[in-house]
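Student: Encoded as structure tokens, here's the structure I'll be asking about.
Number of protein chains: 2
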Amino acid sequence: MATSITILPAADFHVHLRQDALMRLVTPTVRQGGASIAYVMPNLTPPITTTEMAMNYKKELQAIEPNVEFMMTLYLTADLTVEEVKKAAAAGVSGVKVYPAGVTTNSSAGVSTYEPFYPIFAAMEEVNMVLNLHGEVPPSPTNSVLTAEHDFLPTLIDLAKRFPKLRIVLEHCTTKDAIETVKNCGPNVAGSITAHHLHITIDSWADNPFCYCKPVAKTPEDRAALIEAAVSGDPRFFLGSDSAPHPREKKSGAARIAAGVFTQSRLLSYAAEIFDKQGKMDKFEDFVSNFGRKFYQVEGLGVGTEKVKLTKKPIKVESEVWDGELVVVPFMATEELQWDIEWVKA
Amino acid sequence: MATSITILPAADFHVHLRQDALMRLVTPTVRQGGASIAYVMPNLTPPITTTEMAMNYKKELQAIEPNVEFMMTLYLTADLTVEEVKKAAAAGVSGVKVYPAGVTTNSSAGVSTYEPFYPIFAAMEEVNMVLNLHGEVPPSPTNSVLTAEHDFLPTLIDLAKRFPKLRIVLEHCTTKDAIETVKNCGPNVAGSITAHHLHITIDSWADNPFCYCKPVAKTPEDRAALIEAAVSGDPRFFLGSDSAPHPREKKSGAARIAAGVFTQSRLLSYAAEIFDKQGKMDKFEDFVSNFGRKFYQVEGLGVGTEKVKLTKKPIKVESEVWDGELVVVPFMATEELQWDIEWVKA
Numbered sequence: 001m002a003t004s005i006t007i008l009p010a011a012d013f014h015v016h017l018r019q020d021a022l023m024r025l026v027t028p029t030v031r032q033g034g035a036s037i038a039y040v041m042p043n044l045t046p047p048i049t050t051t052e053m054a055m056n057y058k059k060e061l062q063a064i065e066p067n068v069e070f071m072m073t074l075y076l077t078a079d080l081t082v083e084e085v086k087k088a089a090a091a092g093v094s095g096v097k098v099y100p101a102g103v104t105t106n107s108s109a110g111v112s113t114y115e116p117f118y119p120i121f122a123a124m125e126e127v128n129m130v131l132n133l134h135g136e137v138p139p140s141p142t143n144s145v146l147t148a149e150h151d152f153l154p155t156l157i158d159l160a161k162r163f164p165k166l167r168i169v170l171e172h173c174t175t176k177d178a179i180e181t182v183k184n185c186g187p188n189v190a191g192s193i194t195a196h197h198l199h200i201t202i203d204s205w206a207d208n209p210f211c212y213c214k215p216v217a218k219t220p221e222d223r224a225a226l227i228e229a230a231v232s233g234d235p236r237f238f239l240g241s242d243s244a245p246h247p248r249e250k251k252s253g254a255a256r257i258a259a260g261v262f263t264q265s266r267l268l269s270y271a272a273e274i275f276d277k278q279g280k281m282d283k284f285e286d287f288v289s290n291f292g293r294k295f296y297q298v299e300g301l302g303v304g305t306e307k308v309k310l311t312k313k314p315i316k317v318e319s320e321v322w323d324g325e326l327v328v329v330p331f332m333a334t335e336e337l338q339w340d341i342e343w344v345k346a
Numbered sequence: 001m002a003t004s005i006t007i008l009p010a011a012d013f014h015v016h017l018r019q020d021a022l023m024r025l026v027t028p029t030v031r032q033g034g035a036s037i038a039y040v041m042p043n044l045t046p047p048i049t050t051t052e053m054a055m056n057y058k059k060e061l062q063a064i065e066p067n068v069e070f071m072m073t074l075y076l077t078a079d080l081t082v083e084e085v086k087k088a089a090a091a092g093v094s095g096v097k098v099y100p101a102g103v104t105t106n107s108s109a110g111v112s113t114y115e116p117f118y119p120i121f122a123a124m125e126e127v128n129m130v131l132n133l134h135g136e137v138p139p140s141p142t143n144s145v146l147t148a149e150h151d152f153l154p155t156l157i158d159l160a161k162r163f164p165k166l167r168i169v170l171e172h173c174t175t176k177d178a179i180e181t182v183k184n185c186g187p188n189v190a191g192s193i194t195a196h197h198l199h200i201t202i203d204s205w206a207d208n209p210f211c212y213c214k215p216v217a218k219t220p221e222d223r224a225a226l227i228e229a230a231v232s233g234d235p236r237f238f239l240g241s242d243s244a245p246h247p248r249e250k251k252s253g254a255a256r257i258a259a260g261v262f263t264q265s266r267l268l269s270y271a272a273e274i275f276d277k278q279g280k281m282d283k284f285e286d287f288v289s290n291f292g293r294k295f296y297q298v299e300g301l302g303v304g305t306e307k308v309k310l311t312k313k314p315i316k317v318e319s320e321v322w323d324g325e326l327v328v329v330p331f332m333a334t335e336e337l338q339w340d341i342e343w344v345k346a
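Taken in order, these protein sequences are the chains called D and G.
Just so you know, UniProt numbering puts 345 at position 345 of the first sequence, and the rest follows in order with no gaps.
Just so you know, UniProt numbering puts 44 at position 44 of the second sequence, and the rest follows in order with no gaps.
Given below as structure tokens:
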């Protein structure tokens with residue numbers, strides 16, 4: 001087996017870079033984790049709902065880390081207009097993110113029914129923007145965090161058929177059903193997969209706040225389906241870390257545990273661990289670097305003068321990432337991983 | 001609808017009274033919650049494995065609370081002998097508790113296969129002791145906290161058939177399958193149900209450490225089956241609170257969340273809430289007081305000169321139960337419940 005591989009910098013098609021102090025802490029970790037593209041989620045307070053907000057946010061991020069390409073998104077609310085979609089596309093905003101109401105961090109402005117947004121989706125199709133779906137139905141007396149993704153899949157199928165030229169990503173797939181559904185949709189649909197969902201199951205987060213996220217990690221069978229899809233070489237599945245930092249005190253010691261796993265700073269090491277165990281390091285670059293760029297039609301983005309070299313050499317995940325002000329606990333803190341990364345000249 | 005009912009004191013057929021400071025804090029809450037019988041779990045450090053240990057523990061508990069009947073159990077380990085079982089029965093120990101290895105608090109001494117214990121079970125049958133099963137299979141790469149109880153049920157069925165005169169309790173049923181399995185077993189099998197599993201589902205504990213216990217609360221459908229069994233008037237189902245206190249710092253802010261929900265201090269109020277909502281307060285006394293006593297053949301125990309009166313009158317659950325040294329956070333802390341209790345003359 002190879003003990004090192006050199007790949008195009010990763011493209012992380014689902015990141016949370018937050019705002020203020022937390023933004024300043026985690027934005028530099030995009031490169032640290034091995035990525036040159038960060039596809040930025042808009043669930044700030046207040047949510048990023050206009051082109052102007054997105055562009056201002058992008059400038060803030062670029063000021064912190066000029067060597068990462070930040071791809072921006074809008075948060076879908078009832079206030080989003082067709083005009084704003086066109087304006088956003090013209091300004092270079094890449095996608096629109098849909099949060100069902102109340103399912104995860106800062107999703108209270110989210111949607112509960114999709115039909116009112118058909119004109120928006122049609123406009124996005126026209127201007128070639130991507131629709132990013134948090135694929136869970138809102139909480140109800142009869143569903144649960146276990147079934148919320150499963151119950152959303154008919155909506156995905158329906159939207160994919162109604163808007164056959166609209167590129168749609170089912171974000172952070174967590175179930176075998178989700179993988180199968182993406183496979184059965186047309187070429188306009190892809191699924192992003194996080195690094196941590198390749199590692200964990202419900203047992204991991206049951207007693208560990210730092211493994212709790214939405215959608216929750218599910219059964220060993222579901223995890224096996226995610227791993228299989230990730231290493232399969234199927235271009236419809238690619239990396240989107242959903243790295244979702246929270247200050248430590250919101251994860252542990254809080255009355256309610258904030259949803260989100262922070263993987264940004266060691267992203268490629270987490271992912272390589274799985275590919276290596278599967279004997280599929282030959283599929284690694286496609287999953288983390290190529291397939292996402294291809295789906296998003298940004299194949300030349302963030303692939304300049306540098307590459308990322310992964311070497312099989314044990315590293316220990318930091319117990320915390322901090323800047324003297326805030327502490328964020330990374331996934332698998334203090335545990336050992338087998339692949340280290342470094343940036344090298346292309 | 002009645003706004004008050006007066007019942008025989010409850011019999012709580014599954015309690016964790018711990019040891020040392022925690023024991024001193026929670027033992028008085030048995031009566032506070034409305035129970036005059038506490039069926040005491042043996043998972044201390046070290047586990048209660050001999051008659052002498054059980055009797056000493058009982059004395060400690062009686063010294064703290066002379067007005068509760070403490071029924072004692074032994075922890076099944078490979079060291080338990082047929083002679084010890086007979087000695088225990090003669091001394092008044094009521095049952096033997098089986099913990100599968102590694103599934104919950106202080107279960108590292110637990111069992112992973114049942115066949116070696118057949119002689120013990122046969123001896124228990126002979127001396128009329130009760131077998132209390134924590135009905136979960138140990139963790140494995142293919143199961144999860146969701147399926148651990150389901151996967152255990154064939155063992156229950158098998159044991160019930162092999163030892164048809166051995167009374168067996170499937171403790172803290174959490175699934176529809178468990179309820180169905182108990183119903184399909186012979187009259188030697190019963191199922192205990194906690195108060196909190198009548199309230200919560202997986203969504204409740206996903207982000208709330210104080211709702212996390214083993215077996216974990218499962219789906220809305222499972223909860224509905226538990227409620228139906230509890231209010232049904234079927235004598236095979238009765239109250240066993242599995243009230244499992246931990247100091248607050250082991251539940252929130254710990255690297256791993258300790259499993260256990262503390263319900264002892266407001267036990268009947270939690271349970272009455274559910275029966276009332278179902279319009280089944282007429283079945284309440286049977287579930288909390290009568291059916292358990294009948295199965296355990298202790299119908300005259302703890303039913304002396306007092307009764308418990310429940311009155312429909314809003315109360316607020318304490319934010320914490322403490323003694324100046326330890327803090328335990330009760331289930332539904334700071335929330336409102338509709339039924340208050342008081343002890344009255346019979």
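Positions of the beta carbon are idealized from the N, C-alpha and C atoms, including for glycine.
In terms of residues, what are the limits of the beta strand (DSSP E) holding Tyr-75 (chain D)?
Tutor: Looking at the DSSP string, the run of the beta strand (DSSP E) that includes Tyr-75 (chain D) is 73–75.
Student: Quick check on Pro-100 (chain D): does DSSP put it in helix, strand or coil?
Tutor: Here Pro-100 (chain D) sits in strand by DSSP.
Student: Give the residues of chain G in contact with Ala-259 (chain D), contact being defined as C-beta atoms less than 8 Å apart.
Tutor: Per Cβ cutoff of 8 Å: Asp-207.
Student: Closer than 7 Å between beta carbons: that is the criterion. Which residues of the segment 184–207 of chain D meet it against chain G?
Tutor: Within the segment 184–207 of chain D, the qualifying residues are Thr-201, Ile-202, Asp-203, Ala-206, Asp-207.
Student: Give the residues of chain D in contact with Val-145 (chain G), contact being defined as C-beta atoms less than 8 Å apart.
Tutor: Result: Ile-202, Asp-203, Ala-206.
Student: To the nearest angstrom, how far is it from the Cα of Thr-104 (chain G) to the Cα of Ala-244 (chain G)?
Tutor: Near 11 Å, if we compare the C-alpha coordinates of Ala-244 (chain G) and Thr-104 (chain G).
Student: Hey, quick one: how far does the alpha helix (DSSP H) through Asn-56 (chain G) stretch, first residue to last?
Tutor: Note, Asn-56 (chain G): alpha helix (DSSP H), 51–64.
Student: Counting along the chain, where does the alpha helix (DSSP H) carrying residue 433 (chain D) start and finish?
Tutor: Residue 433 (chain D) lies beyond the stretch modelled for chain D, which goes from 1 to 346, so this question has no answer here.
Student: Is any beta-carbon of chain D found at less than 8 Å from that of Thr-104 (chain G)?
Tutor: False, the Cβ-Cβ gap to chain D never drops below 8 Å.
Student: Is there contact between the segment 72–84 of chain G and the segment 100–120 of chain G, where contact requires at least three CB pairs shorter than 8 Å?
Tutor: Contact between the segment 72–84 of chain G and the segment 100–120 of chain G is present, because at least three Cβ pairs lie under 8 Å.
Student: What residues in its chain sit with their C-beta under 7 Å from that of Thr-181 (chain D), if we drop five residues either side in the sequence?
Tutor: Hits under 7 Å: Leu-153, Leu-156, Ile-157.
Student: Shorter than 8 Å from the beta carbon of Gly-110 (chain G) to some beta carbon of chain D?
Tutor: Judged by the 8 Å Cβ criterion, Gly-110 (chain G) is not in contact with chain D.
Student: From the beta carbon of residue 348 (chain G), is the nearest beta carbon of chain D less than 8 Å away?
Tutor: Because chain G in this structure spans residues 1 to 346, residue 348 (chain G) falls outside the shown range and cannot be described.
Student: Let me make sure I understand the geometry here. Which of D:Phe-70, D:Ala-21, D:Val-328 has the alpha-carbon closest to that of Lys-251 (chain D)?
Tutor: Here the closest residue by C-alpha is D:Val-328.
Student: What in chain G is Cβ-close to Gly-304 (chain D), meaning under 7 Å?
Tutor: What Gly-304 (chain D) touches in chain G: nothing, since even the nearest Cβ is about 41 Å away.
Student: What residues in its chain sit with their C-beta under 7 Å from that of Gly-302 (chain D), if we drop five residues either side in the sequence?
Tutor: Hits under 7 Å: Pro-9, Ala-11, Ser-36, Ile-37, Glu-69.
Student: Where does Leu-226 (chain G) sit, in a helix, a strand or coil, going by DSSP?
Tutor: In this structure, Leu-226 (chain G) counts as helix in the three-state DSSP scheme.
Student: Just to make sure I have the definition right: I need the residues of chain D whose C-beta is within less than 8 Å of the C-beta of Arg-256 (chain G). Which are they?
Tutor: Residues of chain D passing the Cβ test: Asp-207, Asn-208.
Student: Suppose the cutoff is 8 Å on Cβ atoms and the five residues either side in sequence are ignored; what does the same chain contact list for Leu-61 (chain D) look like?
Tutor: Counting only Cβ-Cβ distances below 8 Å, and skipping sequence neighbours, we find Leu-17, Met-23, Thr-27, Ala-38, Val-40, Val-68, Phe-70.
Student: Tyr-114 (chain G) touches chain D at which residues, Cβ-Cβ below 8 Å?
Tutor: Simply none; closest approach about 23 Å.
Student: Quick check for students: name the residue ranges of the alpha helix (DSSP H) that lie wholly in the segment 79–163 of chain D, counting only runs of 4 or more.
Tutor: Counting whole runs of 4 or more residues, the segment 79–163 of chain D contains the alpha helix (DSSP H) stretches 82–91, 118–127, 148–162.
Student: In whole angstroms, give me the CA-to-CA distance for Ala-346 (chain D) and Glu-306 (chain D).
Tutor: Cα-Cα distance, rounded: 4 Å.
Student: Classify Glu-325 (chain D): buried if its beta carbon has 16 or more other beta carbons within 10 angstroms, exposed otherwise.
Tutor: Exposed, because fewer than 16 other Cβ atoms sit within 10 Å of the Cβ of Glu-325 (chain D).
Student: Which residues in the same chain as Ala-272 (chain G) place their Cβ atom closer than 6 Å to its Cβ, once the five residues preceding and following it in sequence are excluded?
Tutor: Same-chain partners within the cutoff: Leu-310, Trp-339.
Student: Give a yes or no on whether 8 Å exceeds the smallest Cβ distance from Val-321 (chain D) to chain G.
Tutor: It does not; no Cβ of chain G falls within 8 Å.
Student: Please report the distance separating the alpha-carbon of Pro-100 (chain G) from that of Phe-13 (chain D).
Tutor: The straight-line gap from Cα to Cα measures roughly 43 Å.
Student: Could you check whether Ala-230 (chain G) and Leu-268 (chain G) sit closer than 8 Å to each other, using their CB atoms as the reference points?
Tutor: Going by C-beta atoms, Leu-268 (chain G) is not nearer than 8 Å to Ala-230 (chain G).
Student: In this structure, does DSSP put Thr-174 (chain D) in helix, strand or coil?
Tutor: Thr-174 (chain D): coil per DSSP, three-state reduction.
Student: Kindly indicate which three-state DSSP category Thr-219 (chain G) falls into: helix, strand or coil?
Tutor: DSSP places Thr-219 (chain G) in coil when its eight states are reduced to three.
Student: So, Asn-132 (chain D) versus Lys-97 (chain D), is the Cβ gap smaller than 8 Å?
Tutor: Cβ distance < 8 Å, so Asn-132 (chain D) and Lys-97 (chain D) count as in contact.
Student: Once DSSP output is grouped into helix, strand and coil, what is the label at Ala-35 (chain D)?
Tutor: Ala-35 (chain D) falls in the strand class under three-state DSSP.
Student: With hydrogens ignored, establish whether the beta-carbon of Glu-325 (chain G) is closer than 7 Å to any heavy atom of the ligand NAP.
Tutor: This structure lacks the ligand NAP; in fact it carries no ligand of any kind.
Student: Below 7 Å on C-beta distance, what does Thr-142 (chain G) contact in chain D?
Tutor: The contacting residues are Pro-220.
Student: Using a beta-carbon distance cut-off of less than 9 Å, what residues from the segment 59–89 of chain D approach chain G?
Tutor: Listed by position, the residues of the segment 59–89 of chain D near chain G (Cβ gap below 9 Å) amount to none.
Student: Tell me which residues share the same chain as Glu-342 (chain G) and place their Cβ nearer than 8 Å to its Cβ, disregarding the 5 neighbours each side in the sequence.
Tutor: Excluding positions up to five away in sequence, the list reads Val-308, Lys-309, Thr-311.
Student: Pop quiz: Phe-331 (chain G) and Val-216 (chain G) are said to be a contact at Cβ under 8 Å. What is the actual Cβ separation, rounded to whole angstroms?
Tutor: Phe-331 (chain G) to Val-216 (chain G), Cβ: 15 Å. No contact.
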